[in-house]
Amino acid sequence: MLPSVDNTHVEKPSLLAVIVSVLAAMFGVQTEANRKRDFNKGNPLLFIGIGVVFAVLFVLGLVLLVNTILAS
233 MLPSVDNTHV
243 EKPSLLAVIV
253 SVLAAMFGVQ
263 TEANRKRDFN
273 KGNPLLFIGI
283 GVVFAVLFVL
293 GLVLLVNTIL
303 AS
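Under our numbering, think of the first position of the sequence shown as 233, with each following residue one higher.
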């Protein structure tokens, strides 16, 4: 018989925890424990959405930085 899994006290990561996880993953410093937590308890659409937002902000920041440097 398989052991039963008690999912009644499963806590989903908060919005701040998702943001920190996405940023850590983008910089390549995500811990294995956090990665497992995210895959087991997190909403994938939330992670994808926040990842896309931060990627767009990163690219826009680079464009702004390059334009500022070239203008001076």
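We treat Cβ as the ideally placed atom computed from N, Cα and C, and that holds for glycine.
* Asked: From which residue to which residue does the alpha helix (DSSP H) around T263 run?
  -> In the sequence shown, counting from the first residue as 1, residue 263 sits at position 31. That residue, T263, is in no alpha helix (DSSP H); it is neither H nor E in DSSP.
* To do: Check whether the stretch 296-304 touches the stretch 268-280, taking contact to mean three or more Cβ pairs, one atom from each stretch, closer than 8 Å.
  => No, because fewer than three Cβ pairs between the stretch 296-304 and the stretch 268-280 fall closer than 8 Å, the two stretches do not touch.
* How about L253 and N266: do their beta carbons lie closer than 8 Å? -> What you label residue 253 is simply residue 21 of the sequence shown in a count that begins at 1. What you label residue 266 is simply residue 34 of the sequence shown in a count that begins at 1. As written in the sequence, residue 253 is Ser, which differs from the Leu given in the question. Against a cut-off of 8 Å, the Cβ pair of N266 and S253 comes out as a contact.
* To do: Would you tell me roughly how many angstroms separate the C-alpha atoms of L294 and A287, rounded to the nearest one?
  => The residue labelled residue 294 in the question sits at position 62 within the sequence shown. The residue labelled residue 287 in the question sits at position 55 within the sequence shown. Between L294 and A287, the C-alpha separation is close to 11 Å.
* To do: Let me know the secondary structure DSSP gives K244 once reduced to three states.
  => What you label residue 244 is simply residue 12 of the sequence shown in a count that begins at 1. Coil.
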